[in-house]
Every structure is written in structure tokens, then in C-alpha cells.
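Just so you know, we're using the working numbering here: the first sequence kicks off at 5 and counts up by one. All residues carry an ideal CB built from backbone N, CA and C; glycine is no exception.
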Amino acid sequence: MNTAQLPITLLVESSFMATERYNPRASEPKWQKAWADAKLFETRNDDPRPKYYVLEMFPYPSGRIHIGHVRNYAMGDVVARYMRAKGFNVLHPMGWDAFGLPAENAARDNKVNPRDWTYENIATMKGQLKTLGLSLDWSREIATCDPSYYKHQQKMFLDFWKAGLVERKSAKVNWDPVDMTVLANEQVIDGKGWRSGAPVELRDLTQWFFKITSMSQELLDGLATLDRWPEKVRLMQENWIGRSEGLLLRWKLAQGTAPAGETELKVYTTRPDTIFGASFMAIAPEHPLAKKAAETNPKLAAFIEEVRHRGTSAAELETAEKKGFDTGIRVVHPFDESWTLPVYVANFVLMEYGTGAIFGCPSGDQRDLDFANKYGLPVIPVVMPEGADPKTFQITEEAYVDDGVMINSRFLDGMTPAQAFDDVATRLSGISIGNRPQGERKVQFRLRDWLISRQRYWGCPIPVIHCDACGAVPVKDADLPVVLPSDVTFDKPGNPLDHHPTWKHVTCPNCGKDARRDTDTMDTFVDSSWYFARFTDPWDKTEPTDLTVVDGKNGWLPVRQYIGGIEHAILHLLYSRFFARAMKATGHLNVVEEPFEGLFTQGMVVHETYRIGGPGPNGTWVMPIEIKIDTVDGERKASLIADGSPVDIGPVEKMSKSKKNVVDPNDILASYGVDTARFFVLSDSPPERDVVWTEAGVEGAHRFVQRIWRLVGETAANLAGVAPAQAKDGDALAVSRAAHKTAKLVAEDIEKIAFNKGIARLYELANAIQPSLNAVAAGTADAELKAACRQALEYLVIMVAPMMPHLAEECWQVMGGKDFAASQPWPRFDPALVIDSEVTIPVQINGKKRGDLTISRDADQAAVEKAALALDFVEKALEGKPPRKVIIVPQRIINVVI
RNA sequence: GCGGACGUGGCGGAAUUGGUAGACGCAAGGGACUUAAAAUCCCUCGGGCAUUGCCCGUGCGGGUUCGAUCCCCGCCGUCCGCACCA
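1) If you run the structure through DSSP and keep just helix, strand and coil, what is K115?
2) Taking all protein chains shown into account, decide if W179 is buried (16 or more other Cβ within 10 angstroms of its Cβ) or exposed.
3) Expressed to the nearest angstrom, what Euclidean distance is found between the alpha-carbon atoms of I245 and R450?
4) Compare the C-alpha of Q191 against each of I773, A836, T528, P835 and name the closest.
5) In three-state terms, what does DSSP make of Y64?
6) Mapping DSSP to helix, strand and coil, what is V595?
7) On the three-state DSSP scale, how would you describe S31?
8) Since D372 and G364 should fall inside the 8 Å C-beta cutoff, what is the C-beta to C-beta distance between them, to a whole number of angstroms?
9) With DSSP run on the structure shown, which of helix, strand or coil describes W830?
10) Under the assumption that M79 contacts I567 (Cβ atoms under 8 Å), give the Cβ distance between them as a whole number of angstroms.
11) With a 10 Å radius around its C-beta and 16 neighbouring C-beta atoms as the bar for buried, classify P52 as buried or exposed.
12) Would the beta-carbon of A175 fall within 8 Å of that of Q211?
13) Who are the near neighbours of D688 in its chain, counting only those whose CB is closer than 6 Å to its CB and skipping five residues on each side?
14) For S436, which beta-bridge partners are listed by DSSP?
15) Please report how far the alpha carbon of N910 lies from the alpha carbon of V186, in whole angstroms.
16) Under the three-state reduction of DSSP, which class applies to H70: helix, strand or coil?
17) Can you check DSSP and say which residues form a bridge with K134?
18) Is the beta carbon of P599 closer than 8 Å to that of A589?
19) Is it the case that the region 798-812 contacts the region 733-740, given that we only count it when at least three CB pairs across the two stretches are under 8 Å?
20) What do you reckon, are the CB atoms on E242 and F213 nearer than 8 Å?
21) Keeping to the same chain, check which residues put their C-beta closer than 6 Å to that of F62; ignore five residues upstream and five downstream.
22) Taking the continuous beta strand (DSSP E) assigned at D339, which residues delimit it?
23) Look at the Cβ atom of E444, then the Cβ atom of L251, and state whether they are nearer than 8 Å.
24) With distances taken from CA atoms, which of V667, A646, W625 is nearest I653?
25) Taking only three categories from DSSP, how would you classify R896?
26) To the nearest angstrom, how far is it from the Cα of R682 to the Cα of P497?
27) Just the C-alpha distance for G463 and V656, rounded to the nearest angstrom, thanks.
28) Would you say V349 and F307 are within 8 Å of each other, going by their C-beta atoms?
29) When we look at the beta-carbon of I384 and count the other beta-carbons within 10 Å, is it buried (16 or more) or exposed?
30) Take the Cβ of A167 as the centre, count every other Cβ of all protein chains shown within 10 Å, and call the residue buried at 16 or more, exposed below.
31) Grouping DSSP H, G and I as helix and E and B as strand, with all else coil, what is G104?
32) Going straight from the alpha carbon of K90 to that of I71, what length do you get?
33) Can you say whether F684 is buried or exposed, counting buried as having 16 or more other CB atoms within 10 angstroms of its CB?
34) Kindly identify the DSSP beta-bridge partner or partners of G364.
35) Between the Cα of K326 and the Cα atoms of K303, I333, V353, which residue gives the shortest distance?
36) According to DSSP, is Q817 part of a helix, a strand, or is it coil?
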């Protein structure tokens with residue numbers, strides 16, 4: 005454009021606007037305050053609009069937010085703001101998962117009170133979260149360490165107890181020697197504590213359990229209803245619950261071989277069909293029969309002692325030799341009185357699963373086969389592949405585990421294993437030993453009960469008093485909450501509550517005699533198993549939940565969209581599903597059993613690693629802000645900013661303090677503003693996948709921020725007072741079409757949580773309308789184009805708002821919009837504008853694209869075919885002959901087969 | 001070992017789930033503006049041959065189909081979960 009020909013006023017105008025860059029440092033605090041003053045995001049329970057509850061997993065108050073939080077909360081905020089624009093009464097709360105061990109470690113190391121440390125962290129992080137411009141209802145903020153929260157948790161613990169969902173029992177439990185506490189099964193990863201990483205030890209302790217196994221089947225069945233959960237998470241939970249169908253089978257002990265008083269051995273099997281392939285029994289070293297036999301057999305006792313100290317780590321299990329010891333005890337085959345089998349103690353049999361005893365069928369199980377080969381036990385093939393010859397079919401080194409035909413199994417021969425299973429189950433349920441059937445069908449689960457006792461201070465006290473006369477007695481409702489004492493010391497190892505001079509000494513609520521408080525606190529996963537319900541009415545002082553708003557007809561639950569990390573696929577998400585059922589059973593929920601209707605697991609933010617001094621122990625990690633990257637001959641070279649020394653660029657990895665590949669959200673906010681950061685973490689990768697944080701990518705996002713600002717700023721003067729309208733033809737129609745299509749598609753993308761695609765469409769819209777907006781800025785646009793541009797710009801700004809809310813407000817203001825961008829309804833699209841009247845469809849010859857055909861959308865098959873065959877390149881290819889076939893997929897493709 | 005997911009340009013990723021492979025962004029190259037830089041704008045950008053246009057190309061090898069990134073069979077690789085579960 006030749007500026008010399010432009011009117012002087014426009015020159016002044018446009019040069020002024022072009023130099024005025026969007027300034028996030030000024031805009032962001034301004035709009036955050038304006039939203040807060042207008043109470044724009046405070047949600048009323050009695051609002052008549054349809055409810056929509058969106059929630060991100062609440063943070064642990066570690067002290068600082070990290071970039072992963074930004075991504076997680078940005079995603080939730082897009083959903084929340086979008087749903088508001090769609091007319092829903094949106095609940096989008098925030099709270100603090102505030103109990104936990106780091107507070108105690110800080111207390112020990114820095115001589116601070118865990119409460120003070122936690123609340124200071126909360127204050128810092130709340131300040132940081134507020135700078136993100138999230139549309140949160142802070143009036144509902146909760147912290148799980150607040151007695152007003154854990155009071156209700158204690159109440160529910162007692163209610164669950166009354167309802168038979170809590171049990172105090174002695175069990176072999178996982179003891180974390182570093183954190184000095186027990187852990188639930190779910191919290192042991194590869195034989196190590198989930199937090200400390202220390203190998204756990206097995207200890208026999210009496211502890212409190214939530215009877216999650218009483219709901220195994222319900223928790224399994226419920227998974228089928230969760231169609232808005234990732235398949236992967238459902239599968240992980242299914243495997244964790246681990247249902248199997250089998251037979252509980254009693255084997256008579258052969259007379260004269262068994263210790264006094266022992267008459268039978270119970271085993272659990274999922275393969276009763278292979279009963280004629282049995283060649284030995286194997287029992288766990290901890291099995292009562294093994295212990296009894298060991299009393300009179302010193303060699304056996306020595307063997308048991310040897311294998312007891314087995315490791316639980318994956319590596320140890322991988323290499324551990326399968327060892328057994330013949331106890332001398334014999335069992336009698338249920339279908340043949342004359343057939344006896346030896347009973348071994350074996351190191352691979354787990355006391356914790358089934359009955360702690362198995363029968364070994366070497367031909368049908370690799371582990372049993374290895375064992376049989378080692379100890380010279382018979383191998384009888386009982387299942388062979390269809391069509392094999394039973395006379396010659398042999399098993400030597402490899403067990404046959406697939407489906408097939410029964411052989412060497414007397415009355416089962418010729419059946420399928422499934423038929424044989426049923427036949428054996430039916431026969432054995434008809435035979436009795438003593439007065440009980442010899443075989444009973446039994447469903448077995450892998451899931452264990454949830455151990456919730458923790459020998460720690462900074463958690464919710466278990467509201468129980470132990471009395472020598474009355475046993476474990478619940479604290480009276482009127483005495484709740486049992487409040488944590490604040491005068492505790494961390495100078496010696498173990499549980500500070502237990503060390504406290506007075507706190508635990510109380511009188512029994514039952515008999516009034518001297519008694520002791522339970523000094524254990526609850527697993528912090530209990531705190532997070534119901535917080536989503538508390539948000540629905542955090543002001544209720546008397547009950548955990550208000551049944552009129554928590555769920556059901558006018559209630560909030562289930563959470564319509566829950567967003568968080570995949571690391572909670574089992575722990576938190578399984579516990580919460582149990583809790584919802586337990587709360588329903590005890591009257592704290594009306595109807596909801598599944599607390600999270602939709603679940604989305606977002607990926608991490610990852611970053612390149614940088615180090616100086618080469619790989620290996622001599623290398624030192626350096627932070628991204630310490631280096632700069634130049635491209636030399638197409639190759640990226642990194643160097644230290646401080647002295648220019650070369651830096652090796654390492655692989656992209658999860659951000660970690662140890663590798664220093666972290667970016668501080670504060671730094672990003674200071675240089676680019678939060679909208680840029682939000683936009684970037686949403687744009688570059690699909691939300692479920694990891695996103696690589698790159699400086700270049702952030703700059704790209706920032707360019708778009710400035711570009712939108714410029715589109716609005718440069719056209720503002722010429723669009724002032726122009727009423728937005730959709731156009732009828734020409735360039736203006738193209739602008740309208742682009743805007744309306746985008747309104748439809750971006751909505752679909754947000755609803756599918758495909759933010760990256762939605763953002764791509766926003767870029768496309770900006771690209772599409774740019775030339776017309778240039779014309780508006782230059783004053784060459786006619787009235788229709790101006791109206792269309794005005795509407796397209798409004799659409800763009802409102803659609804950008806969920807992702808970049810501050811920029812949107814600033815633009816909205818410049819455009820003279822009413823209220824807030826954040827309170828505008830989602831742009832409507834005219835279906836007529838979304839569908840093109842003419843379509844351009846590819847034309848293939850023999851399946852290869854050779855050109856296009858542009859034709860009226862509602863042209864019929866015959867017309868399309870005629871037009872296609874008349875195309876130059878088609879005629880040329882046909883050489884005057886008729887085509888063999890013409891395939892027309894309406895509005896999609898034409899394929900001419902020659 | 002069992003279960004699952006994934007594999008597309010230099011990079012992140014699109015592709016209406018059988019119908020134009022590479023949208024959009026990043027990086028790179030070229031140009032305009034500028035005293036210069038930044039910012040911005042315009043053009044090119046999977047590979048090969050080539051004047052138009054043609055050939056190859058979605059990890060590899062086959063198959064089904066008018067047509068395959070998508071479905072089937074067999075491999076290779078990466079990642080995740082569980083793991084002595086009877």
C-alpha cells in the first residue's frame with residue numbers, strides 16, 4: 005500500500021494504533037479486579053439455569069504453582085467459561101489438599117508449625133492462582149486441614165463404621181521405613197513407598213480399614229457406565245479390582261500324613277477343568293498348615309525361614325528362583341481315592357491371595373511346569389489343541405494355556421475346558437466333606453481393603469477412643485471435631501501425636517474410665533475422596549453435605565467434567581468412587597454413586613534438558629533461563645548467557661528440580677502475560693498428551709495475542725457504531741461464513757476437549773478475515789463488509805475469551821462492547837452460512853486425484869457424473885471410451901474407474 | 001509374562017473414522033518496509049524428476065477395496081499400567 009495516497013487522518017490513526025501493543029501487565033490486574041468486584045464467577049445454588057460442575061483436581065499447597073498447574077487449570081477454565089457462555093450455571097471451585105507429610109518435614113527441618121507452614125503456602129499459591137485469571141468461585145474455597153472440613157470427615161468415618169464399612173483388623177501391612185508410617189496397597193509402587201521411594205517392609209499391625217472390597221463388584225460394574233472416562237483409566241481400574249471366577253476346592257489330607265487335627269487343604273483355582281492334570285499342591289510359607297508341619301520338621305522350618313524374606317520389587321520377582329519343599333503331607337484326589345498328591349511349601353505362593361494354597365497343573369501353567377520339572381513331578385497333558393493326536397501330544401518345556409479339547413481326564417475327555425469347568429464345579433458341589441461341599445464356585449477379587457491409618461501428625465485424627473474395658477469406642481458426635489493439638493514437637497522419630505504428653509489421655513465415652521485416643525491420622529487420600537461434594541455447600545456447619553444441593557434433582561453432583569493427571573487413575577479416582585457409594589449408603593448423598601461423570605486426564609508440561617561439562621557424573625544441569633539458543637547453519641546451539649560456554653542440549657523430559665528443566669510461571673507471566681502462557685499450553689499438543697515447553701512456541705502464542713489486539717485496534721475507529729450483521733454476498737459473505745463456521749467448530753472442539761484443534765480454527769479465522777479487516781482499516785470497505793467484519797471480530801473475541809480472558813476483555817472494551825466479554829453468550833451460527841452452496845470435490849481417476857469439480861451442493865448424482873465426465877482431464881484419460889465405473893460419494897469424492 | 005496405547009514433513013500435530021495426506025503453529029529460506037534493528041506484511045517450505053505435469057510418500061512386509069493414515073494378517077520400534085493373582 006502506498007501511504008502517500010492515504011488521507012492524513014488515517015495515517016495518524018493507524019500508525020498510533022499499530023505502535024500501541026497490548027500490555028498484559030496493565031490489563032491483567034485490571035480485569036481480575038473488575039471480575040471480582042462484579043462477583044462474576046460466584047455461583048448461586050438457587051440460580052434457575054441448568055447446572056454444570058467443572059472441577060480440576062485440587063492442589064497440594066507445596067508453596068509454588070508450577071507450569072503443570074497452569075495447564076491443568078487453564079483447561080478447566082476454558083470449559084467453565086465456555087459452559088457459562090452456553091447458558092449454564094457453572095460451579096468452578098478451588099480448594100487445598102492441605103494435609104500431608106511435607107508440612108511435617110518442613111516443621112522438623114525449619115522448626116515451624118505445620119499449620120503455619122501450610123497456610124502460608126496456601127496464601128502464596130492463592131495469590132499466584134489469582135494472577136492466572138481463572139474464573140473460580142473463591143467464596144467456596146476449602147482447605148482439608150481446617151477443622152470445619154475434617155469435622156465432617158470424622159463424622160462420616162463414624163457413620164461408615166456404624167454401617168459396617170470400616171473395620172479394625174490385624175493384617176500384614178506395608179510399612180514405609182522412611183516416612184515411618186503404613187501405606188495402602190495402592191500407594192506401593194514397585195515395592196516402594198509412593199512418596200519416599202523406600203522399599204516397604206511387611207509388618208503385622210492392627211489398623212483401620214475402609215472395606216472397599218465389600219463393593220468390589222459395584223465398583224467394577226460402575227466402570228461400564230463411565231462412558232466419558234478414558235478407556236485406559238477404566239481398564240486400569242478393572243485390572244486393579246481384578247475379578248476372577250473359579251472354584252474353592254477342599255482336598256482331603258491323606259490319613260497319617262497330616263499334622264494332628266488337620267483334615268483338609270483349601271485351594272482356590274480358576275482352572276478346575278485341569279483337575280486331572282494336577283500333580284502337586286503348593287502352599288504359602290505363612291500358611292497355617294506349613295507352620296504346623298514345621299513344628300515337627302526342623303528342615304521345613306529352616307526352609308520357611310529362608311524364603312520368608314523375599315523381596316517384593318519387580319527385579320527381585322523377575323529373578324527369584326521358584327523353590328519348594330515337600331512337607332510330606334499328601335492330599336487325596338477328589339475323583340480318585342487311590343490317587344494322592346504331595347503338598348509343597350513354595351516361595352511363589354502368596355498368602356494374601358485366595359486361600360494361600362494352589363494345586364499345580366504343570367501342563368497348563370508355565371510356572372507349575374517349571375516347578376514340576378525342577379522337582380521331578382509328573383506332567384499330564386489335559387488340554388490339547390483342536391485336531392492334535394491325544395496319543396502323541398506331549399508337554400515338556402512349554403505349558404499349553406490356550407483353548408482346546410480335554411484329554412487324559414476320564415469323564416471330561418472331549419469337552420472344551422469351559423464345559424469341563426462347569427462339569428467339575430457341578431460334581432464337586434454335590435460331594436461333601438464333613439457337611440460342606442467339596443467344591444464351591446467363588447468369585448475372587450485382587451482388590452484389598454483400604455488401609456487408612458497413618459502414624460503421622462498432619463492429618464485428620466481418627467475419632468476413636470481405646471478403652472481397656474470397652475475396646476474401640478467412637479467419639480461422641482457432640483465432641484467432634486477431634487482437633488489436632490498445635491503444641492507438638494518433631495524432634496524424635498515417630499508420631500508426634502503419640503509423643504504428646506496429654507492429648508491422647510481421655511476418659512472412655514462409654515464407661516468413663518481412663519482411656520486413650522487413637523493417635524493415628526487418616527490417609528490424606530481420604531480428604532480428597534469427598535472434597536468435590538463439600539464444594540456444593542461449604543458453609544453447612546452441621547452436615548458434610550446439604551442433601552438439597554449436593555446431588556439429585558437440583559443438585560450439583562456428579563461433576564460433569566473432572567480434569568487432572570493420569571497418576572490418579574487408580575488411587576484417588578477409585579477411592580472417590582468408593583466414597584460416593586459409602587456416602588450414599590450413610591445418607592450423605594441422595595443418588596449419586598459415580599462422582600465424576602466425565603474425566604479427562606491431561607498430559608504434562610515437559611522441557612528440553614541442558615547441561616554443561618558433558619554427560620555422566622561430571623555434567624551439571626543448567627536451567628533454561630541460564631542459557632540462550634542460536635541457530636547456526638540450521639543447527640541449534642546452546643550456550644551459557646553468563647560466559648558463553650557451550651551447553652549440551654539433552655532430551656525432552658518431565659520437568660524436575662533435579663534436572664533443572666523447569667520454567668517458573670512467574671517469569672513467563674512477567675515477560676508475556678498469563679494469556680500467552682494459557683494459550684500456549686492449550687495450543688501446541690492435544691490436551692491428553694505432553695506438551696513441550698519451548699520459548700519459540702511461547703513467542704508464537706504471544707504473536708497471536710498481539711495480532712488479535714491489532715486486528716481490533718486498527719479497525720476500531722472505522723467500525724465504531726457499526727451494527728454487526730451477517731452478509732449476503734461477495735467478500736463480506738466469505739467473512740460471515742468463516743465466522744459462523746468457526747463458531748460451530750470451536751464449540752465442538754471445546755466440548756470434545758480438543759483445545760489444540762479449536763485454537764487452530766481461531767488462527768484460520770484470523771487468517772481468513774485479515775484481508776477484509778485490512779480493507780476496513782484502510783477505509784475501503786463498504787457498509788456490508790464493515791457489518792460482517794464487525795460481527796466476525798466480535799465472534800473472534802468472544803471465542804478467544806475462554807482461553808485468553810484478559811485480552812478478550814481489553815478488545816471487547818475497545819470495540820465498545822457491553823458488560824464483559826466473559827458474560828457474553830457463545831456466538832450463534834446460522835446453519836445456512838455453515839453449509840456452502842457450492843462444493844469443490846476432488847475427482848480421482850483409478851483412485852488417484854487428478855483434479856477438482858466445483859458444483860452446486862444439491863446437484864444430483866447424474867448431474868455430478870455428467871459434469872465430472874466432461875472435465876478435460878477426465879475426457880483425456882477416457883480416450884473416448886466409456887468408464888468402467890463411476891463412484892460418487894455426495895459432497896466427498898468422485899472416482900472414475902477406467 | 002499379561003493388558004493397553006501409539007508410530008504421519010526438520011519439529012508439535014491435523015485429516016469430518018474408508019474419500020483431496022500434511023490444516024494450524026513452530027523452525028527454516030527468500031522478499032518488502034527501515035539508516036539499522038525490532039515489530040509487521042508478502043512468498044516458498046514432504047521427497048524425486050520435470051518447461052505443463054508426472055512418480056514416490058503416513059514404521060516395515062503382505063491383503064481386502066474403485067479408493068487405506070484409517071479395516072485384516074504378519075513383523076519392527078516406542079511408551080504406559082499390572083505383575084509369582086493360582
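This is what the structure gives:
1) Coil.
2) Under this definition W179 is a buried residue.
3) Approximately 6 Å between the Cα atoms of the pair.
4) The shortest C-alpha separation from Q191 is found at T528.
5) Y64 sits in coil when the DSSP states are folded into three classes, being neither helix nor strand.
6) Three-state DSSP puts V595 in coil, outside helix and strand.
7) DSSP places S31 in the helix class (H, G or I) of the three-state scheme.
8) Separation of the CB atoms of D372 and G364 is rounded to 4 Å, and the pair is thereby assigned contact status at 8 Å.
9) Secondary structure at W830: coil, using DSSP grouped into helix, strand and coil.
10) About 5 Å separates the beta carbons of M79 and I567, which is inside the 8 Å limit, making them a contact pair.
11) P52 comes out exposed.
12) Yes, Cβ-Cβ distance for A175 and Q211 is below 8 Å.
13) If we look at D688 and ignore the five residues flanking it on each side, its Cβ neighbours are V695, G701.
14) In the DSSP output, where bridge partners are listed per residue, S436 has P441.
15) Coverage of the chain is limited to positions 5 through 902, which leaves residue 910 absent and any answer about it impossible.
16) In the structure shown, the three-state DSSP call for H70 is coil.
17) Partner(s): none; K134 has no beta bridge.
18) Cβ atoms of A589 and P599: not closer than 8 Å.
19) Contact fails: fewer than three Cβ-Cβ distances are below 8 Å.
20) In this structure, F213 does not lie closer than 8 Å to E242 by Cβ.
21) The residues G99, D101, in chain order, have a CB closer than 6 Å to that of F62 in the same chain once the five nearest residues on each side in sequence are set aside.
22) Just to set this straight, residue 339 is Phe in the shown sequence, not Asp. Counting along the chain, F339 falls outside any beta strand (DSSP E), and DSSP gives it neither H nor E.
23) In this structure, L251 lies closer than 8 Å to E444 by Cβ.
24) When each option's Cα is compared against that of I653, the closest is W625.
25) Here R896 sits in coil by DSSP.
26) Roughly 44 Å separates the two Cα atoms.
27) Straight across, the Cα-Cα distance linking G463 with V656 is about 37 Å.
28) Closer than 8 Å, so yes.
29) With 16 or more other Cβ atoms from the protein chains shown falling within 10 Å of its own Cβ, I384 counts as buried.
30) The residue in question, A167, is exposed, as its Cβ has fewer than 16 Cβ neighbours within 10 Å.
31) If DSSP states are grouped into helix, strand and coil, G104 belongs with coil.
32) Rounded to whole angstroms, K90 to I71 spans 29 Å at the Cα level.
33) Only buried fits F684, as 16 or more other CB atoms lie within 10 angstroms of its CB.
34) Per DSSP, F284.
35) Nearest to K326 by alpha-carbon distance, out of K303, I333, V353, is V353.
36) When DSSP states are grouped into helix, strand and coil, Q817 belongs to the helix group.
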